[in-house]
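Note sheet for the following structure.
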Amino acid sequence: MTEKDFIPAVSFNILEAGNVHAEAPSNIALIKYWGKYPGQIPANPSISFTLNDCRSSTTIAYNKKDKENSGISFEFLFEGQAKPEFEPKLQTFFERIKKYLPFLENYHFKIASSNSFPHSSGIASSASAMAAMAACLMELEKRHHPGITPEYIAMKSSFLARLGSGSACRSIAGGLVVWGLHEAINGSSDLYGVPFPAAIDEAFQDYQDTILLVHSGQKQISSTLGHKLMDGHPFAQNRFEQANRHMNEMKAVLANGDLEGFVKLVELEALTLHAMMMSSSPYFMLMKPNTLAIIERIWEYRKETQVPLCFTLDAGANVHVLYPAIYKDKVLQFIKNELVVYCENEKYICDQVGTGVKIS
Ligand code: PMV
205 MTEKDFIPAV SFNILEAGNV HAEAPSNIAL IKYWGKYPGQ IPANPSISFT LNDCRSSTTI
265 AYNKKDKENS GISFEFLFEG QAKPEFEPKL QTFFERIKKY LPFLENYHFK IASSNSFPHS
325 SGIASSASAM AAMAACLMEL EKRHHPGITP EYIAMKSSFL ARLGSGSACR SIAGGLVVWG
385 LHEAINGSSD LYGVPFPAAI DEAFQDYQDT ILLVHSGQKQ ISSTLGHKLM DGHPFAQNRF
445 EQANRHMNEM KAVLANGDLE GFVKLVELEA LTLHAMMMSS SPYFMLMKPN TLAIIERIWE
505 YRKETQVPLC FTLDAGANVH VLYPAIYKDK VLQFIKNELV VYCENEKYIC DQVGTGVKIS
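Counting from 205, one number per residue, gives the positions in the sequence shown under the working numbering.
Structure, rendered in structure tokens:
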């Protein structure tokens, strides 16, 4: 599919009024996306687990406007409250996508969204939020063009979500999702995420992600600015090549059920992401002392017990602890006994791999 395939060719009838609703999960990258080109094109491919319980739930009520094609018009409530600070991001999103959804300018939208996880937890909510928005809007496109196929809807939902927040395009499908063109991954694209199309050993079917909430404060730097700092970063080219090599290695790890290889690759990716932040100009550091304390304790525990748990990090201080479901009781005991002391207010969230977006 090319970008042009997402521009609808046919005319449509304008509807009077109605509601669409979607729920979309967050995702956690195993191979990280950090650095992009204009038009939300990733500088390297990435792969993530789609999560299950950390979700955004969004309803869009649409009402036909008196004047056709009269610009974008919307109101936004987050958990029942007006959030003017989110409006510019939504406005930009609508402006970027109106070419692909020409009906948008005929309606006034009332958007109401909420998250299943605390907003101030430091968990990035833009992925689930933008994926839920995109899924709602594709449900609306289906009402204008009932003939569109589920495959097209999935691809275009991801394509639109990407234009809201890059990593959001990996929150439409479930399981393992790849975003970014890679020669060894059939069907991969810079324009949208696709379910990982090759063999996956059953060891990776039921992965758990326990998110240790280390720091809930405002991020020191937005991901938009973070990506920008990869332009002209002295190590950027090597990093992008490394991520491409890591995708090949991950493909083999997933096929072979190689848990040891998985642990090494995932932790190397997390630390490389943060190394890029620490070596950009200006430099910045998102890990906190407790992030490091947790990482060290995970390394010791893995050595002592041979339990193949590992950590990964987003653009923040929280630690995602990843492990197969058979170790759940053991790992949760370890977390309660030894890691919660490093969490803000002893808070953590138990999540697991899920099935992706839900429309209702
Ligand atoms: O989707 P963005 O622009 O917020 O970027 C997120 C990037 C990371 O979360 C740090 C890595 C990733 O691949 O999800």
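Just so it is clear, CB atoms sit at the ideal spot from N, CA and C, and this is done for glycine as well.
Predicted model only: the values in this text are computed from it and were never measured.
If I'm right that residue i touches residue j with Cβ under 8 Å, what's the distance once you round it to whole angstroms?
i	j	result
G379	P399	6 Å
E464	P401	Going by Cβ atoms, the distance from E464 to P401 rounds to 24 Å, so no, they are not a contact pair.
V544	V535	Not a contact, Cβ separation roughly 13 Å.
P249	Y411	20 Å between Cβ atoms; not a contact.
N256	N310	Contact doesn't hold; Cβ gap of about 36 Å is too wide.
H179	S277	Any answer about residue 179 is impossible in this case: the structure gives the chain only from 205 up to 564.
T551	A521	The question names Thr, yet the displayed sequence has Lys at residue 551. Between A521 and K551 the Cβ distance is about 13 Å, and since that is not below 8 Å, they are no contact.
S427	A519	5 Å
C258	F321	5 Å
G239	A440	6 Å
H386	M451	5 Å
F199	F216	Here the chain has residues from 205 to 564 only, and residue 199 is not among them.
A316	V561	Not really, about 17 Å apart at Cβ, beyond 8 Å.
Y304	I211	6 Å
H478	L517	6 Å
So, residue i versus residue j, is the Cβ gap smaller than 8 Å?
i	j	result
L344	V224	yes
S318	E283	yes
A365	A377	no
S375	A331	yes
D413	P246	no
I235	E473	yes
M342	G368	no
V457	N231	no
A338	I563	no
L219	K268	yes
H437	S484	yes
I404	I327	no
I425	F466	no
K314	E289	no
L469	M482	no
R501	E548	no
T254	G558	yes
F515	I539	no
M480	R443	yes
A497	Y531	no
S252	A233	yes
Y237	W383	yes
Taking 7 Å as the cut-off, is the beta-carbon of residue i closer than that to any non-hydrogen atom of the ligand PMV?
i	result
A479	no
Sequence-ordered residues whose beta carbon comes within less than 5 Å of a heavy atom of the ligand PMV: A233, K236, Y237, S250, S369, G370, S371, S427, D518, A519
Complete runs of the alpha helix (DSSP H) confined to the segment 323-388 [at least 4 residues]: 330-348, 354-368
Beta strand (DSSP E) runs wholly inside the segment 245-272, at least 3 long, in chain order: 250-268
In chain order, each beta strand (DSSP E) run of at least 3 residues that lies wholly inside the segment 397-431: 397-399, 412-416
Runs of alpha helix (DSSP H) lying entirely within the segment 443-502, each at least 4 residues, in chain order: 463-482
Continuous alpha helix (DSSP H) assignments of at least 4 residues falling wholly in the segment 524-552: 532-538
Whole alpha helix (DSSP H) elements within the segment 286-310, 4-residue minimum: 291-301
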